[in-house]
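This report refers to the structure that appears directly beneath it.
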Amino acid sequence: MRLLFIGPPGAGKGTQASRVAERLGIPHISTGDMFRHHVSNGTELGAKVDAIMKAGDYVPDSLTVQMLSQRVAEDDAADGFILDGFPRTPAQVEALDELLSEEGLDRVVVFEVDEGELAGRMLARGRADDTEEAIRNRFDIYRKQTQPLLDVYGERGITVSVDGMGEVGEITDRVIAALHQS
Ligand code: AMP
Numbered sequence: 003m004r005l006l007f008i009g010p011p012g013a014g015k016g017t018q019a020s021r022v023a024e025r026l027g028i029p030h031i032s033t034g035d036m037f038r039h040h041v042s043n044g045t046e047l048g049a050k051v052d053a054i055m056k057a058g059d060y061v062p063d064s065l066t067v068q069m070l071s072q073r074v075a076e077d078d079a080a081d082g083f084i085l086d087g088f089p090r091t092p093a094q095v096e097a098l099d100e101l102l103s104e105e106g107l108d109r110v111v112v113f114e115v116d117e118g119e120l121a122g123r124m125l126a127r128g129r130a131d132d133t134e135e136a137i138r139n140r141f142d143i144y145r146k147q148t149q150p151l152l153d154v155y156g157e158r159g160i161t162v163s164v165d166g167m168g169e170v171g172e173i174t175d176r177v178i179a180a181l182h183q184s
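Residue numbers (this note's numbering): 3 to 184.
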């Protein structure tokens with residue numbers, strides 16, 4: 003199954019993507035995790051994206067698409083994967099469409115969350131980009147650039163909504179149930 007998990011910053015999609023990927027036996031592909039890995043390993047790409055991520059801005063599409071394309075081409079992704087945090091812009095949707103050609107995504111899981119509660123959760127998490135200013139910026143950019151993608155995938159009839167509030171294990175069960183029902 004080729005899945006995309008999407009939702010606002012701090013919605014818990016990374017946690018859920020990793021849990022659901024394990025249950026389904028497919029890789030969890032997180033562009034955020036991949037970028038953080040580059041930053042902590044001091045790679046050339048890491049040096050380019052460090053300040054961008056700290057500010058809560060989006061990394062340029064060209065860099066993001068290149069990194070993601072290479073990952074999706076790896077053997078373990080041949081039978082499916084969960085994309086977490088990609089695509090985030092219309093240009094990335096286009097790039098993914100080309101990459102997956104006629105097969106496309108099977109399902110897009112949309113995490114419905116109480117946005118008022120998210121900033122508090124993120125500040126508690128304390129990642130390098132979980133400062134008040136960066137969080138505000140990430141929400142703004144999400145609304146402007148990523149939220150419209152929900153309509154794009156909605157029109158294709160492949161979105162399923164999941165209540166993303168509550169206990170981690172319960173949410174995982176909801177995602178699995180939603181994937182079975184849809
Ligand atoms: P995440 O872990 O998904 O919240 O991503 C953390 C940060 O990595 C984002 O705030 C961006 O700076 C960068 N990033 C991750 N995925 C993308 C993407 N698809 N496009 C642009 N920037 C991204």
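Even glycine gets a Cβ: it sits at the ideal position worked out from N, Cα and C.
Alpha carbon to alpha carbon, how far is residue 127 from residue 81? For this step, residue 127 is matched to residue 125 along the sequence shown. For this step, residue 81 is matched to residue 79 along the sequence shown. Those two C-alpha atoms are separated by around 33 Å.
Report the rounded CA-to-CA distance for residue 110 versus residue 19, giving the unit in angstroms. Taking the first residue of the sequence shown as position 1, residue 110 is located at position 108. Taking the first residue of the sequence shown as position 1, residue 19 is located at position 17. Approximately 12 Å between the Cα atoms of the pair.
Is the shortest distance between the beta-carbon of residue 62 and the beta-carbons of chain C less than 8 Å? In the structure shown, chain C cannot be found, because there is only a single protein chain.
Between 77, 70, 102, 76, which has its C-alpha nearest residue 88's C-alpha? Within the sequence shown, residue 88 is the residue found at index 86, counting from 1. Of 77, 70, 102, 76, the residue nearest in Cα terms is 70.
How long is the line joining the alpha carbons of residue 196 and residue 16, rounded to whole angstroms? The requested residue 196 is not part of the displayed model; the chain covers only 3 to 184.
Closer than 7 Å: residue 94 CB and nearest the ligand AMP heavy atom: Taking the sequence shown and counting its residues from 1, one reaches residue 94 at position 92. Yes.
Per DSSP, which one or two residues make a beta bridge with residue 86? For the purposes of this step, residue 86 is identified with residue 84 of the sequence shown, where counting begins at 1. For residue 86, which the question treats as bridged, DSSP gives the partners 7, 32.
Rounded straight-line distance, which links the Cα of residue 44 to that of residue 148: Your numbering for residue 148 matches position 146 in the sequence shown. Your numbering for residue 44 matches position 42 in the sequence shown. Those two C-alpha atoms are separated by around 28 Å.
Counting only runs of 3+ residues fully inside the stretch 29-75, write out the beta strand (DSSP E) ranges in chain order. 30-32
Classify residue 150 as buried or exposed, calling it buried when 16 or more other Cβ atoms lie within 10 Å of its own Cβ. Position 148 of the sequence shown, counted from the start, is the residue given in the question as residue 150. So residue 150 ends up on the exposed side.
Thinking C-alpha only, which one of 83, 107, 153 is nearest residue 22? By one-based count along the sequence shown, residue 22 stands at place 20. For residue 22, the nearest C-alpha among the options comes from 83.
Closer than 8 Å is the cut-off here; do at least three beta carbon pairs connect the stretch 58-70 with the stretch 92-109? yes
To the nearest angstrom, how far is it from the Cα of residue 152 to the Cα of residue 42? Counting from one through the sequence shown, the residue named residue 152 turns up at place 150. Counting from one through the sequence shown, the residue named residue 42 turns up at place 40. C-alpha separation (whole angstroms): 32 Å.
If we call anything under 8 Å between Cβ atoms a contact, is residue 79 one with residue 143? Taking the first residue of the sequence shown as 1, we reach residue 79 at position 77. Taking the first residue of the sequence shown as 1, we reach residue 143 at position 141. No, they are not a contact pair.
Simplified DSSP state of residue 100, which is helix, strand or coil: Within the sequence shown, the letter at position 98 stands for residue 100. Residue 100: helix per DSSP, three-state reduction.
Shortest alpha-carbon distance to residue 106 belongs to which of 14, 38, 155? To locate residue 106, count along the sequence shown from 1; it is residue 104. Comparing Cα positions, the closest option is 155.
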